[in-house]
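Peer 1: Handing you this structure, nothing more for now.
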Amino acid sequence: MNAKVKSILAGAVLGAIVFYIAAYFILGYTAAIVLPGSIADWANENSANFPVLFVWELFVVQLLGIGVLSAIAAYLLLRITSLKWLYVAIGFVVADLILSHVFLFSLPTLENLSATNFIWFAPHFIVVFLCVFIAASLGGKHQSV
């Protein structure tokens, strides 16, 4: 099998595994971390609820919940194998994107589907994309693409 195809498949399998581990075991705990009251009060007074909640979701919930795990998994995979880092990262992100949209379009969420649902998935995609591509490029052992 071609090295590029192996890399994409390995990245996709790793992305699926990390997504399910994070979605079912980790993200619930990081989502339970409460925004400090002083920050929430400041956001209410200055009409900055959405930006504050977006940044909180980005850095606290998603970065701690799935970003760190994604980065470690991608880095370790590329350090112990000779796969192409760019294709591993692409496979990882595509698998995560597909699985998260399958979750979004599942029956319980279809009842309340709106544009807000897509906006609140943005921190997840930003964190996964950045963490995986940075870790993959660092773990790629100076491989050429």
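Counting from 1, position 137 in the sequence shown corresponds to residue 216 in the numbering used here; the numbering is continuous, with no gaps.
Each residue gets a CB set at the ideal place from its N, CA and C atoms; glycine is no exception.
Bear in mind the structure is a predicted one, so any value in this text is a computation, not a measurement.
1) Comparing alpha-carbon positions, which option in 100, 140, 163 lies nearest residue 111?
2) Going by alpha carbons, who is nearest to residue 219 out of 145, 167, 92?
3) Just confirm the distance between the C-beta atoms of residue 100 and residue 162, as a whole number of angstroms; I'd bet it's less than 8 angstroms.
4) Whole alpha helix (DSSP H) runs in the stretch 100 to 136 with 4 or more residues, listed along the chain?
5) Using a Cβ-Cβ cut-off of 6 angstroms (strictly less than) and excluding sequence neighbours within five positions of residue 225, which residues of its own chain qualify?
6) Check whether the Cβ atoms of residue 214 and residue 174 sit closer than 8 angstroms, and answer yes or no.
7) Please specify which runs of the alpha helix (DSSP H), each continuous and at least 4 residues long, are wholly inside the stretch 139 to 220, giving them in chain order.
Peer 2: Taking the definition as stated:
1) Within the sequence shown, numbered from 1, the residue matching residue 111 stands at position 32. Among 100, 140, 163, the Cα nearest to that of residue 111 belongs to 140.
2) As a first step, residue 219 is located in the sequence shown; it is residue number 140 there, counting from the start. Taking only the C-alpha atoms, the option nearest residue 219 is 167.
3) Your numbering for residue 100 matches position 21 in the sequence shown. Your numbering for residue 162 matches position 83 in the sequence shown. Rounded to the nearest angstrom, the Cβ distance from residue 100 to residue 162 is 20 angstroms, too far for a contact under 8 angstroms.
4) For the stretch 100 to 136, whole alpha helix (DSSP H) runs of length 4 or above, ordered along the chain, are 106 to 110, 116 to 124, 128 to 135.
5) Coverage of the chain is limited to positions 80 through 224, which leaves residue 225 absent and any answer about it impossible.
6) Reading the sequence shown from its first residue, position 135 is the one you call residue 214. Reading the sequence shown from its first residue, position 95 is the one you call residue 174. The Cβ atoms of residue 214 and residue 174 do not sit closer than 8 angstroms to each other.
7) Segments of the alpha helix (DSSP H) lying fully in the stretch 139 to 220: 147 to 159, 164 to 183, 186 to 189, 194 to 198, 201 to 218.
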